[in-house]
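Position one of the sequence shown corresponds to residue 4 (the numbering used here), numbered consecutively onward. For each residue, glycine too, the CB sits at the ideal point set by N, CA and C. A short write-up of the structure that comes next.
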Amino acid sequence: MKKKLGLLYGGKSAEHDVSLSTARAVTQALNFDKFDVFPIFITRDGEWRKGDQLTAPAESIEQLQIGKGTQDSIPNDVSSFLLNKDEKEFDVIFPLLHGTNGEDGTVQGLLEVLNLPYVGNGVLASSAGMDKVVMKQLFEHAGLKQVPYVYFIRKEWNKSQDALIAKMEEELTWPMFVKPANLGSSVGISKASNREELIKAIDLASKYDRKIIVETGIVAREVEMGVLGNDSPKVSVPGEIKPVTDFYDYDSKYNDNNTGLIIPAPVTTDVVERMKDMAIRAFKVLDCSGLVRADFFVTADDDIVINEVNTMPGFTPVSMYPILWQNTGVTYSDLIEQLIDLAIERHDEKQQLQYQ
């Protein structure tokens, strides 16, 4: 019997367009003989719109931008929207949302309250994984090596700019990377090599989040690994990123076909094993489930530093996570089906707990 699958995508975050690209890519890979697929689109303004059942892959992103008048639209009653009393509720929801209000535990919390199975990480892992500061603090607790960093909120920056700059220059070294704490896909991230660039970078990052993190730059190779599973996760082969820009920015990830991906990454067996260990430790300290992409820096002397994990990595045709698994022997379609199975497995496990 086919499973009724809800694809949830779009959203209010700055990564709305990334989510649309991911949703289209997933429809291209889904086996429509196994799933009845229903699009659930969240507009940039936060309105939820459920479209008619998809019977074939989406031919364009525009097809997924469901308009008014052609579908149900219940922005103020999402529970009724997802739990239709006239038909079978979804077997599983696949959130393809990136960034805030989607990847940060908010939608996951809604789906938990509605008791709906969903693909990917739960509330805690999603929220901790989205906030780079909280993530780093948990990594520190797990003994995972990281680059030095300083963080502050926008109000502190506006009030004590000179003191914060002095703190960064004392504790960090140039160049520095400035990031919004709660965003992904390299949105709002800048490299700063002096005070003037640092101030501009912080002003840019503060447009996206109230919390800013500034890290010491490191001369190293960027290597990533995919993690897949629940309580017994497995790890993909490593992949190295060779961006043509100073760092792996938004355009490099989604628009630039010149970015080099070397899979498997040319690293020693010892480095691979150490990265696998760190990836699983990071996965477990955040209490992850389903999927994670773990990002590392590998120095010339094979020192390994964890940069971050992404709890909802992109699934676009040029995204690293599915490519890593494809090179590990798991096709795109099989990867999606495994993630759906893991979601149902985790949901069934929760139902066995008392007082559910």
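| Check | Outcome |
| --- | --- |
| Taking 7 angstroms as the cut-off, decide whether the C-beta atoms of G125 and S292 are in contact. | yes |
| Evaluate L356 with the Cβ neighbour count: other Cβ atoms within 10 Å of its Cβ, from every protein chain shown; 16 or more gives buried, anything less gives exposed. | exposed |
| So what does DSSP say about L117, is it helix, strand or coil? | coil |
| What's the C-alpha gap between S22 and R47? | 11 angstroms |
| Can we say the segment 308 to 316 touches the segment 142 to 149, given the rule of at least three CB pairs closer than 8 angstroms? | yes |
| According to DSSP, is N161 helix, strand or coil? | helix |
| State the Cα-Cα distance for the pair K53 and V40, rounded to the nearest angstrom. | 11 angstroms |
| When the distance is taken between beta carbons, is R349 closer than 7 angstroms to N233? | yes |
| Between E352, K353 and I339, which lies nearest to L99 when the distance is taken from Cα to Cα? | I339 |
| Could you tell me if A184 is buried or exposed, where buried requires 16 or more neighbouring beta carbons within 10 angstroms of its beta carbon? | buried |
| Assuming contact is defined by CB atoms lying nearer than 7 angstroms, are Y152 and I216 in contact in what I supplied? | yes |
| Do the segment 290 to 305 and the segment 106 to 118 make contact, defined as three or more Cβ pairs closer than 8 angstroms? | no |
| Would A223 and E243 qualify as a contact pair, given that the criterion is a beta-carbon distance under 7 angstroms? | no |
| Determine the direct distance from the alpha carbon of P42 to that of L10, and round the result to whole angstroms. | 5 angstroms |
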